[in-house]
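Working notes, structure below.
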Amino acid sequence: MSAELSGERLAQLKSTFASIDTDGDGYISETELKVHFPALPAEALGAMSQEADSDQDGRYSLEEFIRIVS
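Okay, so the sequence shown: first residue is 1 according to UniProt numbering, each after it adds one.
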């Protein structure tokens, strides 16, 4: 997944992911993003979806999340 990330950085990203994934299903939905980042404009969500949601399922896996923020 992310061989170039240190163990500490990977643990930090997993923790951040888990704090956003409030229902604990292993994915971050747009709803969870909106709750966690209420000031995020709709345009930013749309752009992020096009860029980061590689399988276009409308949610972000841990791998997709790490790709976005790394």
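Even glycine gets a Cβ: it sits at the ideal position worked out from N, Cα and C.
Counted as a single uninterrupted DSSP element, the stretch harbouring Leu5 is not any alpha helix (DSSP H), since DSSP gives it neither H nor E. Counting other Cβ atoms within 10 Å of its Cβ, Asp55 stays below 16 and is therefore classed as exposed. In the DSSP annotation of this structure, the continuous segment of the alpha helix (DSSP H) that includes Ala52 starts and ends at Ala42 to Ala52. Look at Ser70 here: in three-state DSSP terms it is coil, with no helix or strand label. In this structure, the alpha-carbon of Phe37 lies about 10 Å from that of Leu45. In the three-state reduction of the DSSP assignment, Ser61 falls in the coil class, being assigned neither a helical nor a strand state.
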